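Participant: I have a structure I would like to understand better, so I am pasting it below and will then ask my questions one at a time.
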Amino acid sequence: AQVICKENGANVAIIHNDIENGLVQQMSGPSTVNWIGTHIIPNSDNKTLSCFESDKSRCVYGAYNSTSDPARQDVPWLPIDQIPSTDEFGDPIECVKLIDTSFEGFDPTAVAWLEDPCYDRIDGVICSKSCDN
246 AQVICKENGA NVAIIHNDIE NGLVQQMSGP STVNWIGTHI IPNSDNKTLS CFESDKSRCV
306 YGAYNSTSDP ARQDVPWLPI DQIPSTDEFG DPIECVKLID TSFEGFDPTA VAWLEDPCYD
366 RIDGVICSKS CDN
């Protein structure tokens, strides 16, 4: 995802608040899945998690500390009962995608965050670019 954004003079989008999340929800579009710059990384104790952005900064929006942390079930995340730390092949699930959960039409507020293996090929990536360029 970062390579695609860099080729266009941008970076993978980092979301800092509800306003930015609302903007990328609208950009994501109907029936699409797009990468954002958030990563959920297991800590060495294998019980807690850390949230980092693609620029290596700590997350300020959407962060949670463990799969049982109630914050994981809140906006912007897609609420799910079981949050695996690895896929069926044992690969870590550390990247975050936007997924449209609308059933009919397109409702930007139904676009939620979901963890996914970083190697998955999905529809696209949300990039951000400084207005100074």
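Its first residue numbered 246, the sequence shown is counted upward by one per residue in my numbering.
Idealized CB from N, CA, C, for every residue including glycine.
Since we're looking at a predicted model, the values are computed, not measured.
(1) Based on the DSSP output, what are the partners of residue 297 in its beta bridges?
(2) Just curious, the alpha helix (DSSP H) that residue 268 is in, first and last residue?
(3) Return yes when the Cβ of residue 370 is within less than 7 Å of the Cβ of residue 280, no when it is not.
(4) Within 10 angstroms of the Cβ of residue 376, are there 16 or more other Cβ atoms? Answer buried if so, exposed if not.
(5) Below 8 Å on the Cβ atoms is my guess for residue 347 versus residue 337; work out the distance and round it to an integer in Å.
(6) When we look at the beta-carbon of residue 332 and count the other beta-carbons within 10 Å, is it buried (16 or more) or exposed?
(7) If we call anything under 7 Å between Cβ atoms a contact, is residue 342 one with residue 314?
Facilitator: Let me spell this out:
(1) 284, 303
(2) 263-273
(3) Yes.
(4) exposed
(5) Approximately 29 Å separates the beta-carbon atoms of residue 347 and residue 337; this is outside 8 Å, ruling out the contact.
(6) Taking all protein chains in view, the Cβ of residue 332 is surrounded by fewer than 16 other Cβ atoms within 10 Å, so the residue is classified as exposed.
(7) In this structure, residue 342 keeps its C-beta atom at 7 Å or more from the C-beta atom of residue 314.
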